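Notes to accompany the following structure.
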Amino acid sequence: MRMREKESQPDGRRRGRLRRVTTTFRFRNTVTLSPGESIAAESAKIELFSESGVAVTLSPSSDDTPFSEATEFLLTGGPYPTRDDALQAGKSWRRCLLLACSDRHIGINLGDEDKSTPSRIPLGQTDFLPDDPVYLKDHHGLLVYPESSNPSSSFVSFTADITVGRSSSELLNAIHAVKETASKMTARETLALTLLHDSRFDPNPETKYISLTTAIEALLEPAKQSSVVRTALDTLQRHADDLDLSDEERKLIVQHIGSGKRESITEAGSKLASRLKDREYGGVDPSTFFREAYKTRGKLVHGNTSRPTRDQLGAELGTLHSFVVDLLHLVIVGD
């Protein structure tokens, strides 16, 4: 970015001279704690990273709110030399928080990361002028914004009786422990963690149950059935081709045969759950627990009248949540 600097001439007039202004970039992400959560800390902010002039911190969104009383925080980082550097760092630290907080049983909501460019206020202005204050419209999620060496950027927002306290030092240790792993997380793993955290904000036990089981489903990539099964299905397909069927009937059969060539979600999930080995959930082994949980999910999703009551679901949610946390940790972090 360049700005024009005025220089006096002998006749009193001023001529323009270009002076280079260094522009760096920062990321900012609002973080909301799930209801009933708090994080205890003696300092006003937690420094997650500081190296080579780049710092990443977590602090209450309001300067007037003590850390232990805050339910909304800001994850900020920078400065970075390019917008893409700031964007990638922001995404990496989001995943780091998702993973570390799930391990500490802290529910968080990070918003989205798709709308990463903030809007200038007034909204009609599009240029970031080096000499003027820049007011940006706040947004729940990841934002990346330019920060020149001169002005500051300000964000403007438009418009639980019992809390469970968490240790900020334990959270900080957890963040450092998973930082490298979080930077390598896949899209499936990120989605699974996001669904896990979203469930902490849902007061409805039915949709909470669905979110938790869907978090596991997000990880699954059903494998092909054995060659014997696939050969048998191909034979059945050829037989179906000789039948007198309507186009719609034939299409339906082809779909069923095609889906049968891969494991079902129940099979794939049960196999994944078996990696938890000799642990027990609700008095049964992990594979059995997943099969029963996925069966319950099916009743909820498909409107089965024999679905569990909300009280029954509420009694099972704690165990299901622990199961999902343990399985995601095993898949993403390892033993």
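The sequence shown begins at 151 in my numbering and counts up one residue at a time.
The beta-carbon is built from N, C-alpha and C at its ideal position, and this holds for glycine as well.
All figures in this text were calculated on a predicted structure; none of them were measured in a lab.
- When DSSP reads this structure, G227 sits in a beta bridge with F177 and V206.
- In this model, L369 and T336 are separated by some 10 Å (Cα to Cα).
- Leaving aside the five residues that flank F223 on each side, the residues in its chain whose CB is nearer than 7 Å to its CB run, in chain order, V181, L208, S209, P210 and S211.
- Rounded to the nearest angstrom, the gap between the Cα atoms of L463 and P296 is 47 Å.
- Secondary structure note for I415: its alpha helix (DSSP H) is the uninterrupted segment I415 to A423.
- Taking all protein chains shown into account, E339 has 16 or more neighbouring C-beta atoms within 10 Å of its C-beta and is therefore buried.
- In terms of Cα proximity to L248, the closest of D235, A324 and A465 is A324.
- For E413, the closest of R429, E367 and S200 by C-alpha to C-alpha distance is E367.
- Pairing Q405 with L395, the inter-Cα distance amounts to about 14 Å.
- Beta-bridge analysis with DSSP links L183 to I258.
- Under DSSP, L292 takes part in a beta bridge, and its partners are N179.
- K241 counts as buried, since at least 16 other C-beta atoms from the protein chains shown sit within 10 angstroms of its C-beta.
- For S200, the enclosing beta strand (DSSP E) stretches over residues I196 to E201.
- Judged by DSSP secondary structure, E367 falls within the alpha helix (DSSP H) whose first and last residues are P355 to E367.
- Looking at the backbone, the Cα of S252 and that of H347 are separated by about 7 Å.
- Counting only residues of its own chain and dropping the five nearest sequence neighbours on each side, S333 has a CB closer than 8 Å to the CB of S242, R245 and C246.
- Taken atom to atom, the span from the alpha-carbon of D235 to that of I196 is near 22 Å.
- Within 10 angstroms of the beta-carbon of P216 lie fewer than 16 other beta-carbons, which makes it exposed.
- DSSP places S333 in the coil class of the three-state scheme, outside both helix and strand.
- Per DSSP, reduced to three states, the secondary structure at S212 is coil, with no helix or strand assignment.
- Non-local C-beta neighbours of G448 in its own chain, meaning closer than 8 Å and more than five positions away in sequence, comprise N454, ordered along the chain.
- Judged by DSSP secondary structure, R429 falls outside any alpha helix (DSSP H); it is assigned neither H nor E.
- If the five residues before and after S218 are omitted, its C-beta is found closer than 6 Å to the C-beta atoms of S188 and A190, all from its own chain and listed in chain order.
- A Cβ-Cβ separation of about 18 Å leaves F440 out of contact with A465 under the 8 Å criterion.
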